[in-house]
Amino acid sequence: MKKTFVYLLLVLGLCCFFIACSTDVAIQKILGSSSEGPVFTGYKATASGFEFEFSQPVKVLNIAFNPYKEVAGIEDGTLVKIEMQEGIEEGVKLIADILVADKHGNTLNVLIPVRTRNNRMPRIFINEVRTEYSNPKVEFIEFKTANPGNLGALRVFAAGISLDEPIYEFPPAEVKDGEYVVLHLRTLDPASLDETGNNLALSPGTEASPAARDFWVPGTSKLIRKTDAVFITDQDDQILDVLMMSETQDTQWSKENLSLAANMLGSSSAWVPGGSQGNSVPGPVHAVQSQYTTTTRTICRDETIPDSNTLSDWYIAATSNATPGAANSSKRYEP
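For the sequence shown, numbering that gives the first Met the number 0 assigns the number 0 to the initial residue and increments by one for each residue that follows.
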């Protein structure tokens with residue numbers, strides 16, 4: 000009995016650990032005699048709830064969300080459709096616990112973090128990026144909105160880390176047109192707070208702006224580098240904006256992830272090579288040249304011109320002209 004109790008505590012502890020550490024990885028536990036039992040393959044947030052996809056038709060035996068949200072309807076099948084009660088905020092993170100069974104009696108328990116649908120993401124641009132770190136000033140990505148909306152479920156990627164897992168996913172936060180949003184890429188001060196409400200002076204962290212909305216990536220690991228591709232997407236994986244950076248002007252990317260990112264971003268015209276004689280795949284020479292960036296010399300978007308999805312939109316700010324949370328400095332670094 001004692002061994003059983005210890006085993007249950009261990010399983011519970013592992014489950015809690017994975018839930019805390021995972022962004023969108025499902026924990027699956029299959030019960031039953033058949034090796035052909037159902038497998039969970041993914042989920043999608045819909046306007047009225049969620050769709051959970053399985054490898055074969057299943058019947059939902061039980062489903063629960065944490066924090067608690069009431070379910071209004073369930074449709075079984077290979078694509079399980081869950082309709083939620085009205086009134087759930089956009090982009091809210093929940094833990095879905097779903098138990099299903101196939102026609103042979105095999106059951107599958109899936110535990111996965113999900114986010115409610117957000118159809119009000121603002122038009123938003125990457126506006127300024129710091130690639131270098133000097134304690135207590137950390138790397139950051141600044142955004143600027145072009146219309147009102149909600150940031151919930153907006154995802155930020157760094158190709159050098161992963162093309163599949165975001166380095167950050169925004170919680171729900173209402174924003175106005177022309178608002179600056181700063182994502183600080185390390186958290187050195189434990190008192191740093193995400194500013195999701197009306198108080199933009201809430202966070203005391205280094206370089207937190209009382210006039211901008213500040214968010215903080217947990218931990219102290221380096222997430223972006225001088226040669227990288229930073230991009231943001233919505234819940235449907237649609238690319239909303241991109242910044243490609245290279246420390247060199249080589250003809251080829253030195254890392255596979257960056258080559259894959261260049262193919263993806265080029266094919267969708269999210270980053271256009273410009274005068275590359277019809278080549279749709281941007282190389283290092285078509286990226287913002289970042290070799291001169293420092294802690295105080297950031298990569299800035301020219302806010303006075305329309306966005307062209309090319310390196311011509313960008314420049315390096317002059318020394319001591321980084322402006323997280325404010326309009327970009329017009330002073331440019333001249334090597």
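Idealized CB from N, CA, C, for every residue including glycine. Given the structure is predicted, the values throughout are model-derived calculations rather than measurements.
Hey, out of Asp176, Gln248 and Leu239, whose CA is closest to Val229's CA?
Leu239
Residues of its chain near Pro334, where Cβ-Cβ distance is below 8 angstroms and the 5 sequence neighbours each way are ignored
Tyr291
Among Asn118, Gly41 and Phe156, which residue has its Cα nearest to the Cα of Asp257?
Looking at the sequence itself, residue 257 is Leu, so the reference to Asp does not match. Checked all of Asn118, Gly41 and Phe156; the closest Cα to Leu257 is Phe156.
Once DSSP output is grouped into helix, strand and coil, what is the label at Met263?
helix
For the candidate residues Gly148, Lys68, Ser279 and Ala321, whose alpha-carbon lies nearest to that of Ile140?
Ala321
Would you mind reading off the limits of the beta strand (DSSP E) that contains Thr144?
Phe139 to Thr144
Are the CB atoms of Lys58 and Ala100 within a distance shorter than 7 angstroms?
yes
Return the chain-ordered list of same chain residues with a C-beta closer than 8 angstroms to the C-beta of Ser266, the five sequence neighbours on each side being excluded.
Ser279 and Val280
What are the residues that DSSP puts in a beta bridge with Met243?
Ala228
Segment limits, beta strand (DSSP E) that includes Thr77:
Gly76 to Met83
Would you identify the three-state DSSP class for Leu107, choosing helix, strand or coil?
strand
Can you list, in chain order, the residues of its chain whose CB lies under 6 angstroms from that of Thr309, leaving out five sequence neighbours each side?
Val271 and Gly273
So, with DSSP's three-state summary, where would you put Leu257?
helix
Alpha-carbon spacing of Val79 relative to Pro283, whole angstroms
44 angstroms
Drop a sphere of 10 angstroms on the beta-carbon of Lys143, count the other beta-carbons inside from all chains shown, and report buried for 16 or more, exposed for fewer.
buried
Do you know how far the Cα of Asn198 is from the Cα of Trp215?
16 angstroms
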